[in-house]
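To start, the structure under review is shown below, and the notes come after it.
Residue numbers (our numbering): 12 to 1132.
This is the structure:
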């Protein structure tokens, strides 16, 4: 699947404006019912009405309605691609420019532009065509297969997958298949690899849809019943089957309506990335067009005053527009992103949406999943604590003890899982694997022939090793002569599975011990959930305290429960029971304590992000106290900071919804009253601090999150501002949280393992999936490194790419303005730059510099300051305007100075200013010779060409900044070699003219003294440009005026500790802020406004022992907790 997605990557880097075209039917299909979901059929209804298949007549009718079951990525012809490509506004403008230049006889430059455009178009067409072909081949590879379809008259027929329609019943073969459609399983069980959809390579178990009970009465929904749905494109590895029964599934979606189809559609028509940089780029180009309009009017007026022919007026006035808008801007802007993408690939980060790399440079908040992301993926069994007679036994470190072989607790550990054998190896959830291996038991999956020998049928059997059974009974005189048939009575057959559900936070199985007349049910899941489903007298009274003691230490705790089912229940009856009937009146067995160690890199990365002014959150499905403990251990919550748990309950009876605010114990204290005392003191201290530095964090559970978002909408943003731990969060709640954070103007990153974080990973501005796949559809970025060290790497490269984009844009804008100034000045004497001068500037200087200045690698560490997000921002506008004024001043200076030289005259072919002795001779000469009618060769042209050429290089070096976001330019050797080579060449032809070069560039000879003067002016020009950029922009404006834009968590010094220098800085900052109309300007981002509001709120954060009711969310009513 990694290769299957590379088409998206190619598209993003080649032609962002090209939308891939499929068939019109794909768009039309979204306007009418496309699946069984649209007819609102219940799960029981699928079994009763749709399980027998369709007759041929009904199939043909539905095929006319739904169309063929294919995901058609049509490969357009080169001619169609060419037409679509050349209709790009950029190429239309290029065509206009070429026609104009040809009319001016600028054939060389026009030919060069045509040559570059042809290469660009050819490369783009080749890339897009290759992408189409690759995507078509990859999609079609498994789309057309032969399938077995059940007909309405109970016969089975072979058919092509393209003929499938919703309602067909397909048979899943025992050796598996690639699903050609979305189908709901109605008989049997399947082991499926869904890495194509989730990026998670752990196989999942799909069970048949409930056919009776409360679960069967609800309407079928693909989202709610995804544990029973086989998705298109996923790989069914194997099936669990029974003698005489087939594994069947009902087709619910076909074609582009399937999950795979929607995925392909999202690749073909990606959601546009709304990034301020690109919007500002268009505004800036409009400004350049405005400048070009001024030049256009100026040229017309000047030409009319000088009685220039109408044809020349039209050509020259239009030419000023082609000069102002840089032709190579799109390619130059893309270069930095492409280089960053290559560097990311070298460190194991793959990208399917390159435009989002720039977004990574603006991240100011990153959400992390816990298990497998912050902590180790694998869990170690720390121990078990069984419950007997309503109380806990002492903890035991080994579950494989001989004395526990026959216990219900070990039987539950050995059977309550979703493990399966694939090619002889156990496969499944890491937690299940670790739990099962701790028992030392053996899992066997009998073949079809073996299951025929047993009655009742047992598809999966778990049993302890025979030697363990014998050793366990060796002290029993009655058991020493045990026969093997009696030993086999320890075997347990798994009759039915209810897979783990993130929403329910539990899983269960129905098993039967060989030789027993009754069946048993085992339940495993979150301790709070399991305890609520058990008989209360079986749950130890110390349950809450024991659970908290483990979770505070960061352990992951799983609870087990057991229930003996009625002996009258048959195998077929069990298959139709709903899980609600099974998972009730359980007997509590005890706790399984798993140790989830924090990854070695986690603490260092989180510290680096905090120092870089990037907020971090934990969003996990684990227990609240475990999550808080991990947050403290990894440094997300520091030792001196308080955690406030927002425990919300929905309205019940006549009581409104309420939030109870619990202050957790400080880890360094032991007594509750001491904890409260410390909390109150900290709160009093916090009120005197800025809101960013208040030392408290909110912790919110998934249940509380749902209540707050529904009943306390006015508190959502306040909680989001300071909440750090989100526990027991369902996948859709993670997505909702990301949207809330984005609503208060955070630029949000999400890092997870891709399993249950798909929605959040896609919704975030930058989603990073920790997966072994090169390209996962779960997120824009995929890291093959299994720890969060990829996050700072991605942010560093994002910041470097963003700064590079700004640098290139500023350089290309200055290049256009400098050339515009030169041409405008030359127009005043009815002159212009020569064809080869344009060619030298645009090819030898601009293209080389623009593409090499993008090669600066990212800076080695993250700094507190973030790069600006807008081109229309104070620092950048000041930078551009000061450089424009500087270049204008020195160009006008040399333009006027050259006309004041004593050797100056109107240049003619007989002029020889280099030879002073010939001045009078030349001046008195009346020898006629052909004169350049375009008036290219003159002293003003030569002078401005020299000065402007150096100005291009100086602004390139000034704008190509290094620290703190990029490596210094001297480490970018291609850029340095280019600059040194061009400086050397320009100085050489200026000080030691070469006739052949002068003739080629249409440069006239000027005295050596004037050349030296020009060198001095160039040096002064460069020095002034450097001083203005460094002194005014970097020191004065940025540090004193614009630093307030960053809006982060940087500590601020208290007034009492301010030094005199800091007071002077504040005075200077106030004066400059007033000068730039920034005095008392409110923050632009919403989350800073919320922080300022809370700073003045005396009732926030709520104190200990308070309750907030939905009826009056602004007041806090004291209550004993």
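For each residue, glycine too, the CB sits at the ideal point set by N, CA and C.
- 8 Å or more divides the Cβ of residue 115 from the Cβ of residue 325.
- Excluding sequence positions up to five before and after residue 168, its CB lies within less than 7 Å of the CB of 160 and 162, all in the same chain and listed in chain order.
- For residue 901, the three-state secondary structure derived from DSSP is helix.
- Judged by DSSP secondary structure, residue 193 falls outside any alpha helix (DSSP H) and instead within the beta strand (DSSP E) spanning 193 to 198.
- By the C-beta density criterion, residue 321 is exposed, having fewer than 16 other C-beta atoms within 10 angstroms.
- Inter-segment contact for the stretch 756 to 765 and the stretch 376 to 392 is present: three or more beta-carbon pairs are separated by less than 8 Å.
- Around the beta-carbon of residue 917, fewer than 16 other beta-carbon atoms lie within 10 Å, marking it exposed.
- Put simply, the stretch 258 to 266 touches the stretch 65 to 85. At least three CB pairs are less than 8 Å apart.
- For residue 91, the enclosing alpha helix (DSSP H) covers residues 89 to 97.
- Take residue 368, set aside five residues on each side of it, and the residues of its chain with a beta-carbon closer than 6 Å to its own are 348, 351, 809 and 812, in chain order.
- Nearest in C-alpha terms to residue 724, of all of 582, 714, 976 and 751, is 751.
- Residue 553 and residue 403 have their C-alpha atoms some 8 Å from each other.
- Under the three-state reduction of DSSP output, residue 58 falls in the helix class.
- When only Cα atoms are considered, residue 861 and residue 973 end up about 15 Å apart.
- A check of alpha carbon separations from residue 418 across 406, 432 and 399 identifies 399 as the nearest.
- For residue 610, the CB contacts under 7 Å within the same chain, skipping 5 residues up- and downstream, are 385, 386, 387 and 798 in chain order.
- Beta-bridge partners of residue 570 (DSSP): 536 and 602.
- In chain order, 548, 549, 550, 551 and 552 place their CB closer than 8 Å to the CB of residue 401, counting only its own chain and leaving out the 5 sequence neighbours on each side.
- Counting along the chain, residue 966 sits inside the alpha helix (DSSP H) bounded by residues 950 to 970.
- Residue 309 carries a helical assignment under DSSP once its states are collapsed to helix, strand and coil.
- Of the residues assessed, residue 622 falls on the exposed side of the cut-off, its CB having fewer than 16 other CB atoms within 10 angstroms.
- Residue environment: residue 601 is assigned as buried (16 or more neighbouring CB atoms within 10 Å of its CB, all protein chains considered).
- For residue 991, the number of other beta carbons within 10 angstroms of its own is below 16, and it is reported as exposed.
- Within a 10 Å sphere around the beta-carbon of residue 1014 sit 16 or more other beta-carbons, which makes this residue buried.
- Considering only 542, 638, 501 and 821, the residue with the shortest C-alpha distance to residue 525 is 501.
- With a cutoff of 8 Å on beta-carbon distance, residue 503 and residue 535 are scored as not near each other.
- When DSSP states are grouped into helix, strand and coil, residue 246 belongs to the strand group.
- For residue 1020, the closest C-alpha among the options 528, 745, 1003 and 1010 is that of 1003.
- Nearest C-alpha to residue 819 among 864, 709 and 566: 864.
- The alpha-carbon of residue 771 is positioned some 16 Å away from that of residue 716.
- Looking at the backbone, the Cα of residue 737 and that of residue 710 are separated by about 6 Å.
- DSSP places residue 708 in the uninterrupted beta strand (DSSP E) bounded by 707 to 712.
- Counting the other Cβ atoms within 10 Å of the Cβ of residue 984 gives fewer than 16, which makes it exposed.
- With a contact defined as Cβ atoms closer than 8 Å, residue 667 and residue 1121 qualify at about 4 Å.
- The C-alpha of residue 965 is placed about 14 Å away from the C-alpha of residue 899.
- In the DSSP assignment, residue 666 is bridged to 663.
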